[in-house]
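Protein chains in written order, with the UniProt record's numbering: chain D, 1 to 326; chain X, 1 to 278. Where is the CB? At the ideal position from N, CA and C, for every residue including glycine.
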């Protein structure tokens, strides 16, 4: 059943997962959905295909191992849960049981970044660094709730594993109008064009980057925002293009440790390809275990909120500009 | 029965030859403890066909104690899956399909890539679930070491198997009572070991892992694959079994034999064979 959404509205990414999986279950009779006791999202699939739904209870390691066993037998398993636990408690199962034999297991979940006010046990802030380190793993972080459905649909034909990171996933800002962008795994999205600097971001902070660009536009600054929702493989061509077209001035904003996530992925591309930059600032979580507070408060406290994003972008724009051809 | 017993000795001799020619470490202790189980499975219990390794109706075998890979390779070679010479000549060398832990990518005849302990049983649960869903009646058989059942993931999988009534799943435990660096009960209170599995709702069978008749009886007595309780066959074994200086000896968890020690080991094996087959 197609569902239409209106741009700018809030929407639950979790409900999109539920709808999409139920839809995909119809066309893919080998699609299984597994969860370690995080099932509210999956009710639609569970009720429609109870024989292909498995809630193992609180057992993330077995959940991923069982998914791998299903995949060895020709199935396409989706493991859905809270990412702090899937990405760390089941890390070795993801690496050894899923990535090593390159099985088509999809890991999708919530609580990417300082969201949900659960405290540091419940924040996934290292997950992208861990997942990007795994051979064969495709790594995504999705902000626009509608994109979750699109990414899931595209992932059905991928031979290997994929990691799909959401924020809380209960109430997310619809960023893009339907059909506005050609969403393709492995390609970044130019969410807003601009020429003075590029803010690269992913997931829940795309909306914040767009707000920062809007604020800077009031000063006559033209800031590009790139939704780099695929961190691995990363869109190297787009990074090079942004260096050329936005004065070699980069800000990387992410709800993840400032080192190890997207900023590090981009820094690797810049170094490996010999791209000349005129400014590079990374905004993300410093080496702290953050306390309680809502996501906006925590971002402000830890130096990567809206004000910090605007200030960092001003700083890179103020850097002297040298030719960036490479 | 006598034929299976002879095969188990042949398997042990082949293991020792490999251990005598390969310079790196071979997990000979845990290979020898599992040799009778591998023989009973690959030459009697498992419905597999080396000429049709992808047949969807084949029984699946998963080696959770992945460090016993070489014993599995040789048992499979004796069943016709691979050539023994190919194993001995290339083992552990660059680009070989055969090494310390099994890799399905390199060796399609094995069912899964394993080696890190505590991973086999969850994989087996997934395969057994899939078989159930497809209405297939083959079994999924997983061989675990007793030491690796210290891993929590084993018990997560044990719960999942019972919860999903997977009577098509069978675990064999090589209960050799030795870890790498200690005798198991000195470090970890595994006992009462069968009761632990019973408490998880499994059908528990106790067998002598070095008595072929006991292993065959356990296999013959397995409930139908359509039944609703997974079965564990706990096989009492001896690490290093068959070679007197390796038995119950912590030094022989893994190692390699020089030419002189190979002769000594083969002589010890022959002596055990004569004693036990009288």
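DSSP three-state assignment for residue i, whether helix, strand or coil
{"i": "residue 259 of chain X", "result": "helix"}
{"i": "residue 244 of chain X", "result": "coil"}
{"i": "residue 299 of chain D", "result": "helix"}
{"i": "residue 94 of chain D", "result": "helix"}
{"i": "residue 15 of chain X", "result": "helix"}
{"i": "residue 235 of chain X", "result": "strand"}
{"i": "residue 276 of chain X", "result": "helix"}
{"i": "residue 267 of chain D", "result": "helix"}
{"i": "residue 137 of chain X", "result": "coil"}
{"i": "residue 193 of chain X", "result": "helix"}
{"i": "residue 171 of chain X", "result": "strand"}
{"i": "residue 152 of chain X", "result": "helix"}
{"i": "residue 221 of chain D", "result": "coil"}
{"i": "residue 319 of chain D", "result": "coil"}
{"i": "residue 250 of chain X", "result": "helix"}
{"i": "residue 110 of chain D", "result": "strand"}
{"i": "residue 55 of chain D", "result": "strand"}
{"i": "residue 251 of chain D", "result": "strand"}
{"i": "residue 77 of chain D", "result": "strand"}
{"i": "residue 82 of chain D", "result": "strand"}
{"i": "residue 142 of chain X", "result": "strand"}
{"i": "residue 182 of chain D", "result": "coil"}
{"i": "residue 111 of chain X", "result": "coil"}
{"i": "residue 275 of chain D", "result": "coil"}
{"i": "residue 229 of chain D", "result": "coil"}
{"i": "residue 72 of chain D", "result": "helix"}
{"i": "residue 281 of chain X", "result": "Outside the displayed span of chain X (1 to 278) sits residue 281 of chain X, for which this structure offers no information."}
Closest by C-alpha distance to residue i, when choosing among the options
{"i": "residue 151 of chain D", "options": "D/159, D/160, D/164", "result": "D/164"}
{"i": "residue 29 of chain D", "options": "D/77, D/12, D/57", "result": "D/77"}
{"i": "residue 128 of chain D", "options": "D/220, D/149, D/299, D/231", "result": "D/231"}
{"i": "residue 180 of chain X", "options": "X/225, X/117, X/132", "result": "X/117"}
{"i": "residue 50 of chain X", "options": "X/222, X/78, X/27, X/63", "result": "X/78"}
{"i": "residue 197 of chain D", "options": "D/83, D/113, D/251", "result": "D/251"}
{"i": "residue 40 of chain X", "options": "X/89, X/210, X/176, X/145", "result": "X/210"}
{"i": "residue 240 of chain D", "options": "D/187, D/134, D/261", "result": "D/187"}
{"i": "residue 30 of chain X", "options": "X/134, X/249, X/121, X/189", "result": "X/249"}
{"i": "residue 205 of chain X", "options": "X/225, X/236, X/226, X/72", "result": "X/236"}
{"i": "residue 310 of chain D", "options": "D/205, D/260, D/56", "result": "D/205"}
{"i": "residue 81 of chain D", "options": "D/73, D/110, D/209, D/70", "result": "D/110"}
{"i": "residue 279 of chain X", "options": "X/91, X/70, X/137, X/106", "result": "Here chain X has residues from 1 to 278 only, and residue 279 of chain X is not among them."}
{"i": "residue 109 of chain X", "options": "X/238, X/240, X/63, X/5", "result": "X/63"}
{"i": "residue 87 of chain D", "options": "D/72, D/308, D/143, D/59", "result": "D/59"}
{"i": "residue 321 of chain D", "options": "D/32, D/245, D/41, D/26", "result": "D/245"}
{"i": "residue 232 of chain X", "options": "X/105, X/266, X/132, X/142", "result": "X/142"}
{"i": "residue 101 of chain D", "options": "X/112, X/60, X/148, X/121", "result": "X/112"}
{"i": "residue 91 of chain X", "options": "X/125, X/140, X/20", "result": "X/20"}
Exposed unless 16 or more other CB atoms sit within 10 angstroms - verdict on residue i
{"i": "residue 102 of chain X", "result": "buried"}
{"i": "residue 53 of chain X", "result": "exposed"}
{"i": "residue 16 of chain X", "result": "buried"}
{"i": "residue 65 of chain X", "result": "buried"}
{"i": "residue 288 of chain D", "result": "exposed"}
{"i": "residue 202 of chain X", "result": "buried"}
{"i": "residue 121 of chain D", "result": "exposed"}
{"i": "residue 17 of chain D", "result": "buried"}
{"i": "residue 13 of chain D", "result": "buried"}
Within chain B, partners of residue i - CB distance below 8 angstroms
{"i": "residue 125 of chain X", "result": "Here the protein chains are D and X, and chain B is not one of them."}
- For the segment 21-40 of chain D and the segment 88-99 of chain X, state whether three or more C-beta atom pairs, one from each stretch, are separated by less than 8 angstroms. Touching, no.
- Message: Tell me whether the segment 175-188 of chain X and the segment 210-217 of chain X touch, counting them as touching only if at least three CB pairs, one residue from each stretch, are closer than 8 angstroms.
- Response: Taking 8 angstroms as the limit for Cβ pairs, the verdict is that the segment 210-217 of chain X does not touch the segment 175-188 of chain X.
- Task: Output, in sequence order along the chain, the residues in the segment 85-106 of chain D whose CB is closer than 8 angstroms to any CB in chain X.
- Result: Listed by position along the chain: 92, 93, 96, 97, 100, 101, 102.
- Which residues, in chain order, does the segment 42-58 of chain D contribute to contact with chain X at a C-beta distance below 8 angstroms? Taking 8 angstroms as the Cβ-Cβ cut-off against chain X, the residues of the segment 42-58 of chain D that qualify are 51, 52, 54, 56, 57.
- Members of the segment 82-115 of chain X that neighbour chain D once the beta carbon cut-off is set at 9 angstroms: For the segment 82-115 of chain X, residues whose beta-carbon sits nearer than 9 angstroms to a beta-carbon of chain D comprise 103, 104, 105, 111, 112, 113, 114, 115.
- Message: So if I threshold CB-CB distances at 7 angstroms, which residues from the segment 59-77 of chain D count as touching chain X?
- Response: The segment 59-77 of chain D vs chain X, Cβ under 7 angstroms: 59, 61, 62, 65, 66, 67, 68, 69, 70, 72, 73, 75.
- Message: When you compare the segment 218-225 of chain D with the segment 85-98 of chain D, are there three or more beta-carbon pairs, one atom per stretch, that lie closer than 8 angstroms?
- Response: These segments do not touch.
- the segment 257-273 of chain X / the segment 193-206 of chain X touching (three or more Cβ pairs under 8 angstroms): In this structure the segment 257-273 of chain X does not lie against the segment 193-206 of chain X, because fewer than three pairs of beta carbons, one per stretch, are closer than 8 angstroms.
- What residues in the segment 223-235 of chain X have a beta carbon less than 8 angstroms from any beta carbon of chain D? The segment 223-235 of chain X vs chain D, Cβ under 8 angstroms: nothing.
- Three or more C-beta pairs closer than 8 angstroms, one from the segment 271-279 of chain D and one from the segment 292-311 of chain D: is that the case here? Using a C-beta cut-off of 8 angstroms, the segment 271-279 of chain D makes no contact with the segment 292-311 of chain D, since fewer than three inter-stretch Cβ pairs fall below that distance.
- Message: Does the structure place the segment 198-216 of chain D close enough to the segment 246-264 of chain D that three or more beta carbon pairs sit under 8 angstroms?
- Response: With the cut-off at 8 angstroms, the segment 246-264 of chain D and the segment 198-216 of chain D touch.
- Item | Cβ contact check for the segment 171-178 of chain X and the segment 69-84 of chain X: 3 or more pairs under 8 angstroms | By the Cβ criterion, the segment 171-178 of chain X is not in contact with the segment 69-84 of chain X, since fewer than three pairs of Cβ atoms, one from each stretch, lie closer than 8 angstroms.
- chain D contacts from the segment 141-157 of chain X (Cβ-Cβ distance under 8 angstroms): With the criterion set as a beta carbon lying under 8 angstroms from some beta carbon of chain D, the members of the segment 141-157 of chain X are 152, 153, 156, 157, in sequence order.
- Given 8 angstroms as the limit, is there contact between the segment 175-185 of chain D and the segment 139-158 of chain D, that is, 3 or more CB pairs closer than that? Contact check between the segment 175-185 of chain D and the segment 139-158 of chain D: three or more CB pairs, one atom from each, fall below 8 angstroms, which counts as touching.
- Three or more beta-carbon pairs under 8 angstroms between the segment 124-138 of chain D and the segment 166-182 of chain D, yes or no? Flag = no, the segment 124-138 of chain D and the segment 166-182 of chain D do not touch.
- Can at least three beta-carbon pairs, one atom from the segment 315-324 of chain D and one from the segment 131-144 of chain D, be found at a separation below 8 angstroms? By the Cβ test, the segment 315-324 of chain D is not in contact with the segment 131-144 of chain D, since fewer than three Cβ pairs between them sit closer than 8 angstroms.
- Task: Flag this pair as touching only if the segment 46-66 of chain D and the segment 156-166 of chain X have three or more C-beta atom pairs under 8 angstroms; answer yes or no.
- Result: Here the segment 46-66 of chain D makes contact with the segment 156-166 of chain X; the two share three or more CB pairs at distances below 8 angstroms.
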